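Residue numbers (this note's numbering): 58 to 463. Don't be surprised by glycine CBs; every beta carbon is placed ideally from N, CA and C. Predicted model, so just to flag it, every value in this text is computed and none were measured.
The structure is reproduced here in structure tokens:
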């Protein structure tokens, strides 16, 4: 019987673990996100702390602090979601424990009643008399079968009680583990919230210092925006000229077209690129998004909107830019300060890689996914290594963050 109980207990544990695994899928996803957010936060803090600046710039300090705060807030959000899901699991576990306790009490009571009844008529003589008092052989056989079934039922009830006890122990143990984990998460959340409060006070102090030199920093922002607009116009012109030249080759003669006329091979490549939306690798091996796509408020004045046609990824000094998908080097443009920009064509999609110090490819080269295409420029004054990354379909910009995997 001992081995049978062990076997039943093992089967229960297996079924329970499969069931728990299915239930925990959502929390496992949330846990993975929290761990990744924690890694991101550590990386961002380390990267910004190790940045060596030759010249103090309050605007850059303000931006760095904003990035740190954002990474902490992302972690707090991840902790909150996971702890909420954990609370749901704890509640569900407690309900299951209460149900199992009730079932166990019923089983024990029924088993006790059965043992008591068995004790009252346990003598061998009464069993024999029960058989001998049968009116015929068929009735005697039936009574014998009943006695066997009754003994088997008693044994089964005893085993069921043992299984319920084991099940209850597992549930209670799991509940305690979840409560401990929730407590740890809440402690971590509290620490992060205190750190955010401290950094926000520091941010307010920095902002007030920046305000004193507002005109100086506004000029810096305008200069940056002007350069971005110049590059955007240059990119659009290059693409439009290429569309006209490409379409002439296919017999489509129009100077107003803003869409590439694709060959069968280019259509297939564009289709594969589309299917990989949200799955493309990052254009750098490691880094974090320090400027997002679209309209965002100025760090000095929230009413002033800064437009970004792509994302900016801050990374380590000496990092290389990588192609996010198979394609052909469409063009290499020169930016201010002799920095380079690479455009790669993927059917009717174009990915752009800005702020390169040197390039490893030439116009017309075929490149493959994750191939290194250039070294990212490191600003000698700010100490920052930032890659500008953007994505267009024909001449229309799209949010590149939605295309890369994270």
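| If you count every other CB in all the chains shown that lies within 10 Å of the CB of residue 340, and 16 or more means buried, which is it? | By the 10 Å Cβ count, residue 340 comes out buried.
| field | Length of the line joining the Cα atoms of residue 269 and residue 336 | value | About 45 angstroms.
| query | Among 149, 87, 152, 115, which residue has its Cα nearest to the Cα of residue 136? | reply | The candidate whose alpha carbon is nearest that of residue 136 is 87.
| Within this structure, are the beta carbons of residue 17 and residue 351 separated by less than 8 angstroms? | Residue 17 lies beyond the residue range present for the chain, which begins at 58 and ends at 463; the question has no answer from this structure.
| message | Suppose you measure from the CA of residue 141 to the CA of residue 246; what does that come to, to the nearest Å? | response | Looking at the two C-alpha atoms, the distance is approximately 12 angstroms.
| said: Which same chain residues end up closer than 6 angstroms to residue 131 when comparing Cβ atoms and leaving out the 5 residues on each side of it in sequence? | reply: Hits under 6 angstroms: 94.
| message | For residue 462, count the other beta carbons within 10 Å of its own beta carbon; 16 or more makes it buried, fewer makes it exposed. Which is it? | response | With fewer than 16 neighbouring CB atoms inside 10 Å of its own CB, residue 462 falls in the exposed class.
| message | Below 8 angstroms on the Cβ atoms is my contact criterion, and I expect residue 118 with residue 84 to pass it. Report the Cβ-Cβ distance as a whole number of Å. | response | In fact, because the Cβ distance is near 38 angstroms, the residues do not count as touching under 8 angstroms.
| field | When 444, 400, 275 are compared against residue 354, the one with the closest alpha-carbon | value | The shortest C-alpha separation from residue 354 is found at 275.
| request: Starting from residue 391, follow the beta strand (DSSP E) in both directions and report where the run begins and ends. | output: Where residue 391 is concerned, the enclosing beta strand (DSSP E) stretches over 384–391.
| Are the beta-carbon atoms of residue 450 and residue 406 separated by less than 8 angstroms? | The answer is yes: Cβ separation under 8 angstroms.
| query | If residue 408 sits next to residue 381, beta carbons under 8 angstroms apart, how far is it from one beta carbon to the other, in whole angstroms? | reply | 6 angstroms between Cβ atoms; contact.
| field | Under the three-state DSSP convention, the category residue 327 falls into | value | In the three-state DSSP reduction, residue 327 falls in the helix class (H, G or I).
| message | If I follow the unbroken alpha helix (DSSP H) through residue 443, where does it start and stop? | response | Where residue 443 is concerned, there is no enclosing alpha helix (DSSP H), although the beta strand (DSSP E) it sits in stretches over 442–450.
| query | Can you give, in chain order, each stretch of the alpha helix (DSSP H) that sits fully within the stretch 387–426 and has at least 4 residues? | reply | Runs of the alpha helix (DSSP H) spanning 4 or more residues and lying entirely within the stretch 387–426 do not occur at all.
| Three or more C-beta pairs below 8 angstroms linking the stretch 367–376 and the stretch 342–350 | Touching, yes.
| request: Use the C-beta contact count for residue 317: other C-beta atoms within 10 angstroms, 16 or more gives buried, fewer gives exposed. | output: Counting other Cβ atoms within 10 Å of its Cβ, residue 317 reaches 16 or more and is therefore classed as buried.
| request: Go through its chain and collect everything with a Cβ distance to residue 108's Cβ below 6 angstroms, but skip five positions before and after it. | output: Excluding residues within five positions, the ones whose Cβ falls inside 6 angstroms are 440.
| message | Which residue wins for smallest C-alpha separation from residue 267, given the options 358, 378, 403? | response | Closest by alpha carbon: 358.
| said: Quick check: what's the CA-CA separation for residue 219 versus residue 133? | reply: The straight-line gap from Cα to Cα measures roughly 43 angstroms.
| said: Tell me the rounded alpha-carbon separation between residue 166 and residue 147. | reply: Rounded to whole angstroms, residue 166 and residue 147 show a C-alpha spacing of 28 angstroms.
| said: Out of 413, 326, 435, which one is the CA nearest neighbour of residue 426? | reply: Nearest of 413, 326, 435 to residue 426, Cα basis: 326.
| field | Own chain residues within Cβ distance below 8 angstroms of residue 236, not counting five before or after | value | Correct list, in chain order: 147.
| query | Exposed or buried, what is residue 116 when buried is set at 16 or more other beta-carbons lying within 10 Å of its beta-carbon? | reply | Buried, by the Cβ-count rule.
| By Cβ distance below 6 angstroms, which residues in the same chain neighbour residue 435 in space, the five residues on each side in sequence not counted? | Excluding its 5 nearest sequence neighbours in each direction, residue 435 has C-beta neighbours in its own chain below 6 angstroms: 374, 442, listed in chain order.
| When you compare each of 285, 260, 144, 257 to residue 242 by their alpha carbons, which one comes out closest? | Checking every option, the nearest Cα to that of residue 242 belongs to 144.
| said: Tell me the DSSP secondary structure of residue 347 in three-state form. | reply: Reduced to three states, the DSSP call for residue 347 is strand.
| Can the beta-carbon of residue 363 be found closer than 8 angstroms to that of residue 260? | Contact flag unset, no.
| task | Give the straight-line distance between the Cα atoms of residue 356 and residue 393, rounded to the nearest whole angstrom. | result | About 24 angstroms.
| said: Tell me the residue span of the beta strand (DSSP E) that contains residue 100. | reply: Looking at the DSSP string, residue 100 is not in any beta strand (DSSP E); the run it does join, the alpha helix (DSSP H), is 82–107.
| said: Let's test the definition: count the other Cβ atoms within 10 Å of the Cβ of residue 271 and tell me whether it reaches 16, buried, or not, exposed. | reply: With fewer than 16 Cβ atoms within 10 Å of its Cβ, residue 271 is classed as exposed.
| query | When we look at the beta-carbon of residue 244 and count the other beta-carbons within 10 Å, is it buried (16 or more) or exposed? | reply | With fewer than 16 other Cβ atoms within 10 Å, it is exposed.
| query | Would you call residue 391 buried or exposed, if buried means 16 or more other Cβ atoms sit within 10 Å of its Cβ? | reply | By the 10 Å Cβ count, residue 391 comes out exposed.
| said: Using only the alpha-carbon positions, how far apart do residue 399 and residue 264 sit? | reply: Near 36 angstroms, if we compare the C-alpha coordinates of residue 264 and residue 399.
| Should residue 147 be listed as close to the ligand FMN, given that the test is whether its C-beta is under 7 angstroms from any heavy atom? | By its list of ligands, the structure shown contains no ligand whatsoever, and the ligand FMN lies outside what it can speak to.
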